[in-house]
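Below is one structure, written out as structure tokens; the observations come after it.
Pasting the structure below:
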């Protein structure tokens, strides 16, 4: 069996989420009021990091209090020492915009840049991803989808309750398939207009209602490149907090090979040899083409294919 790397970004999260205790107000209060409790601070959807020899995302209660009352306070879980970990969400503008601040203690750094630059440890990244997804959900669900009335936070931040009609709302995760289609010693890659210059990646798309993962893979590849796929093999998954998706990584075997690009979705799509992909991962491609960085599951799909070839289709 081909085992995916544990280094996929946002995959490591060591917290015990205690989902069964989120309604236990005494338990949550004890963890929150413990001097060992630590808090992530978000300025809108941007994490706030403390400067130092290495950036630190965690604030003690006294440090977090200096920012004022948060809009949201979400219980993330309990760490291995028994300390509670929480996420605090503030309205945008908590810190002055870059270039206007005289405060050298903090940096506002978007989560994608944190992951790309490796500013914090891998297990911390998973907790930041959890926090960002939850705080974004709260910002988007301030009103009841059933009756339109304002909702309030419940269950330690893991529900929103509507007192007008009694509906309870829960966080949602959007499933997304991301797949590497293989034809022997070559694979299908595409690029979107917003990608960095020269970067190609695996194709991807949202799973639709009433659709299996396998059918979503086949549909998306055909929609975007007009290539038909036969068998589909699961590889690994990745929480993707932009805003809250689950990337379901798969390999698929091509049954047709003519590419017709959907220009509304892609700027380009074509077949790359296994040797070309290896050069893209190594940064040595003759045309300066590149692949996604290791924090993205697409990187690990490509690396597994480079190292194992068609064997990836056997799981």
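In my numbering, the protein residues as written are 69 to 383. C-beta: ideal position from N, C-alpha, C; glycine also.
Among the options, nearest to residue i - alpha-carbon criterion
| i | options | result |
| --- | --- | --- |
| residue 244 | 275, 229 and 234 | 275 |
| residue 29 | 77, 155 and 324 | What the structure shows of the chain is the stretch from 69 to 383, and residue 29 is not part of that stretch, so it cannot be assessed. |
| residue 90 | 349, 253, 133 and 238 | 238 |
| residue 94 | 186, 148, 223 and 84 | 223 |
| residue 318 | 340, 328, 289 and 327 | 289 |
| residue 62 | 357, 159 and 125 | What is shown of the chain runs 69 to 383, which leaves residue 62 out entirely. |
| residue 146 | 214, 163 and 96 | 96 |
| residue 102 | 151, 180 and 266 | 151 |
Sequence-distant residues of the same chain with beta carbon closer than 7 Å to residue i, five excluded per side
| i | result |
| --- | --- |
| residue 225 | 140, 141, 142, 143 and 202 |
| residue 168 | Low confidence applies to residue 168: its pLDDT is 45, below 50, so where it sits in the model is not reliable, and the reading given next is rough at best. Once the five neighbours on either side are set aside, residue 168 has no close Cβ partner at all. |
| residue 363 | 77, 183 and 184 |
| residue 10 | No answer is possible for residue 10: it lies beyond the span of the chain, which begins at 69 and ends at 383. |
Exposure label - residue i; buried when at least 16 CB within 10 Å
| i | result |
| --- | --- |
| residue 338 | exposed |
| residue 242 | exposed |
| residue 204 | buried |
| residue 249 | buried |
| residue 116 | buried |
| residue 87 | exposed |
| residue 77 | buried |
| residue 295 | buried |
| residue 212 | buried |
| residue 192 | buried |
| residue 138 | buried |
| residue 233 | exposed |
| residue 255 | buried |
| residue 372 | buried |
| residue 320 | buried |
Close beta carbons around residue i, own chain, < 8 Å, minus the five adjacent residues each side
| i | result |
| --- | --- |
| residue 291 | 273, 330 and 333 |
| residue 314 | 241, 242, 243, 244, 305, 306, 307 and 308 |
8 Å contact criterion, which residue i and residue j should meet: CB distance rounded
| i | j | result |
| --- | --- | --- |
| residue 240 | residue 229 | With 8 Å as the limit, residue 240 and residue 229 do not qualify as a contact, their Cβ atoms being about 16 Å apart. |
| residue 335 | residue 260 | 6 Å |
| residue 153 | residue 83 | 6 Å |
| residue 270 | residue 366 | 5 Å |
Same chain only: Cβ atoms within 6 Å of residue i, ignoring 5 sequence neighbours per side
| i | result |
| --- | --- |
| residue 347 | 353 |
| residue 285 | 245, 247, 300, 318 and 320 |
query = Could you give the uninterrupted runs of the beta strand (DSSP E) lying entirely in the stretch 207–276, keeping only those of 3 residues or more?
reply = Fully enclosed beta strand (DSSP E) runs of 3 or longer: 220–222, 227–229, 242–251, 254–259 and 271–274.
task = Please list the segments of the beta strand (DSSP E) lying wholly inside the stretch 294–373, counting only runs of 3 or more residues, in order along the chain.
result = With a minimum length of 3 residues, the continuous beta strand (DSSP E) runs that stay inside the stretch 294–373 are 297–308, 313–322 and 336–341.
task = Counting only runs of 4+ residues fully inside the stretch 148–199, write out the alpha helix (DSSP H) ranges in chain order.
result = Secondary structure in the stretch 148–199: the alpha helix (DSSP H) runs of 4 residues or longer, each lying completely within the stretch, are 179–185 in chain order.
task = Please go through the stretch 109–148 and give each complete alpha helix (DSSP H) segment of 4 or more residues, from N-terminal end onward.
result = Taking only runs of at least 4 residues, the alpha helix (DSSP H) segments lying wholly in the stretch 109–148 are 129–133.
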